[in-house]
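Counting from -15, one number per residue, gives the positions in the sequence shown under our numbering. All residues carry an ideal CB built from backbone N, CA and C; glycine is no exception. Below is one structure; the comments refer to it alone.
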Amino acid sequence: MEKSHPTGYLHPITQTIREAVSIWNDLGFEVAEGPEIESEYYNFDALNIPADHPARDLWDTFWLKPIKDRKLLRTHTSPVQIRFMEKHKNNLPIRIIVPGKTFRHEATDATHEAQFFQMEGLAVGKGITLANMKSVLITFFKKLYGPNAEVRFRPSFFPFTEPSVEIDVSCFKCLGKDAHCPLCKGTGWIEVMGGGMVNPKVLLNVGIDSKKYTGFAFGFGLDRLVMLKYGVDDIRSLYSGDLRLWQPL
Ligand SMILES: [Zn+2]
């Protein structure tokens, strides 16, 4: 008798990247990519995070040897924004979505891994405001989580955006109706990303006139989105070959 083999499936991270990218493509955003080994300039300085800035401590960094070359494993996908703006500054407006692998030098536990995925978006052009960002994010989450999804902004701080916001999406599991919901802890909201208006200093760094042009940028951890969507409670399962994840989802 012939032995049958189980069918293979795409990893949930790959599925989520493809689903998200297809939504952003429909919204007019094109995919941009960049190197995982970055220079200190693109990863930090160009994004308005100079060496003496306290915010730099937030990014625990894998530095590559020899240290004097100041090369590192990128700690976020934001350097791609700089590279893309440098290349296309004379061809505005731009709208990009950047999915990619990122790295942090930190101890691993159920919610932290040394390697994880981010996705971020950037739009630069004339007359772009926070309202535009809110509009595309609402559209994105409605397509991802269903027509009831809502988005809320809370004030925050990031060196590369001003003003900056934390972005919450309404809980797609309980719609705010379950006081004991494990996803939103009964608040009805899930913290999913950060963003804001591109800091004029960042535009200046790439040679874009911030008096003429404005832009918004946002970024989120894809792993967290995958964990929320599929009920995965330990990020390490995503990278350990846990076969329970390779089910039809
Ligand atoms: Zn909930």
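- Along the length of the segment 194 to 232, whole alpha helix (DSSP H) runs at least 4 residues long occupy 206 to 214, reported in chain order.
- Secondary structure note for ASP162: it is in no alpha helix (DSSP H), with a DSSP letter that is neither H nor E.
- DSSP places PHE156 outside any alpha helix (DSSP H), giving it a letter other than H or E.
- Secondary structure at LYS85: strand, using DSSP grouped into helix, strand and coil.
- The Cβ neighbour count for GLU90, taken over all protein chains shown within 10 Å, is under 16; the residue is labelled exposed.
- Residue environment: ALA201 is assigned as buried (16 or more neighbouring CB atoms within 10 Å of its CB, all protein chains considered).
- Per the DSSP secondary-structure output, MET103 pairs in a beta bridge with PRO83 and PHE204.
- Secondary structure note for ARG67: it is in no beta strand (DSSP E), and the uninterrupted alpha helix (DSSP H) holding it is 63 to 72.
- Contact between the segment 122 to 132 and the segment 184 to 203 is absent, with fewer than three C-beta pairs closer than 8 Å.
- In the structure shown, GLU14 adopts extended strand secondary structure according to DSSP, grouped into three states.
- Sequence-distant partners of LEU106 (beyond 5 residues in either direction) whose C-beta falls short of 6 Å from its own C-beta, in its chain, are GLN65, ILE80 and ALA201.
- About 6 Å separates the CB atoms of GLN102 and GLY203; that is less than 8 Å, so the two are in contact.
- Annotated as proximal: HIS37 and PRO143, with beta-carbon spacing under 8 Å.
- Taking C-beta atoms as the reference points, ILE151 and GLY178 count as a pair closer than 8 Å.
- Secondary structure note for GLU24: its alpha helix (DSSP H) is the uninterrupted segment 24 to 27.
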